[in-house]
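Converting from the sequence shown to our numbering requires adding 7 to each position, the first position being numbered 1.
Note that beta-carbon positions come from the ideal geometry of N, C-alpha and C, so glycine has one too.
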Amino acid sequence: MKIAPSMLASDFTRMGECAKSVNAADWLHLDIMDGHFVPNISFGPDVVKALRPLSDLTFDVHLMISHPKQYIRQFAEAGAEIITFHVECDDDIDETITEIEKYGVKPALSLKPGTPVECLYPYLDRLYMVLVMTVEPGFGGQKFMADQMEKLRALRAKRPELILEVDGGVNRETAPICRENGADVAVAGTAVFRAENIPAEIALLRGE
Ligand code: DX5
Ligand code: ZN
8 MKIAPSMLAS DFTRMGECAK SVNAADWLHL DIMDGHFVPN ISFGPDVVKA LRPLSDLTFD
68 VHLMISHPKQ YIRQFAEAGA EIITFHVECD DDIDETITEI EKYGVKPALS LKPGTPVECL
128 YPYLDRLYMV LVMTVEPGFG GQKFMADQME KLRALRAKRP ELILEVDGGV NRETAPICRE
188 NGADVAVAGT AVFRAENIPA EIALLRGE
């Protein structure tokens, strides 16, 4: 399983060093929050752009915003390689996927814990990845919701080749549950950035 440390859990006074400190990981997860789709505000495309030259990891941008479509260009130009947005957002889903494709970025959809997995089915053929939220989006450091694993199994059965990412509450105890249920990538914020030995923690989460 690949590991994507979430910069939301990094020390914002030294984000550059923090991004470099996780270079043993696979992807870098960048949580974008608008204070509207979720009750929290994080950072925007300029921060993504500033971090881009400091890391060779795949930039995995997670948009928790009500109107993603109008910001796709900025995140693409900032260096996003995968852009995930929410099926619960207020923009047209197909048009937003088209906008992501327009810039040569890989499109992905996410869903909140309360949203049925079937809501994604009309779009699966167009997606590179699905991000299954295992906490209510908005904040790091929450408890992993194991009941979301059935969404992973349903998606795997329906589209065996689709990349499946889990996000929220992934740590030493819950990473094995994600692996057993077929997750390809796990986001980990608190578990990675609070670790005493970051490369060792990443290896542990991966299951090495
Ligand atoms: C939650 C974010 C997550 C979060 C994960 O809204 O999408 O990426 O930062 O943080 P941890 O690993 O601390 O749950
Ligand atoms: Zn996220």
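Cβ separation of residue i and residue j, assumed to be a contact under 8 Å, to the nearest whole Å
i: D191; j: I209; result: The Cβ separation is near 16 Å, so there is no contact.
i: V68; j: I89; result: 7 Å
i: C126; j: V173; result: Between V173 and C126 the Cβ distance is about 17 Å, and since that is not below 8 Å, they are no contact.
i: G53; j: H74; result: With the sequence shown as reference, residue 53 is identified as Asp, and Gly is not the correct amino acid for it. Actually they do not touch by this definition, with Cβ atoms about 18 Å apart.
i: A198; j: N178; result: 4 Å
Paired residues, beta bridge with residue i - DSSP
i: E172; result: L138, V192
i: P114; result: I90
i: D38; result: H69
i: I48; result: D41
Span of the beta strand (DSSP E), counted from its first residue to its last, around residue i
i: P167; result: Here P167 belongs to no beta strand (DSSP E), and DSSP marks it neither H nor E.
Continuous alpha helix (DSSP H) stretch holding residue i: start and end
i: I104; result: 100-109
i: A202; result: It is not in any alpha helix (DSSP H) - A202 carries neither H nor E in the DSSP assignment.
i: K27; result: 22-28
i: P12; result: Unbroken run through P12 is the beta strand (DSSP E), 9-12; no alpha helix (DSSP H).
i: P183; result: 182-187
i: A83; result: 79-84
CB of residue i within 8 Å of CB of residue j, strictly
i: A115; j: L131; result: no
i: A11; j: L35; result: yes
i: S13; j: V194; result: yes
i: I184; j: M156; result: yes
i: K56; j: A83; result: no
i: L58; j: A32; result: no
i: D38; j: I72; result: no
query = Taking one C-beta from the segment 143-155 and one from the segment 18-37 each time, how about it: are there three or more such pairs within less than 8 Å?
reply = Cβ pair count under 8 Å is below three, so no.
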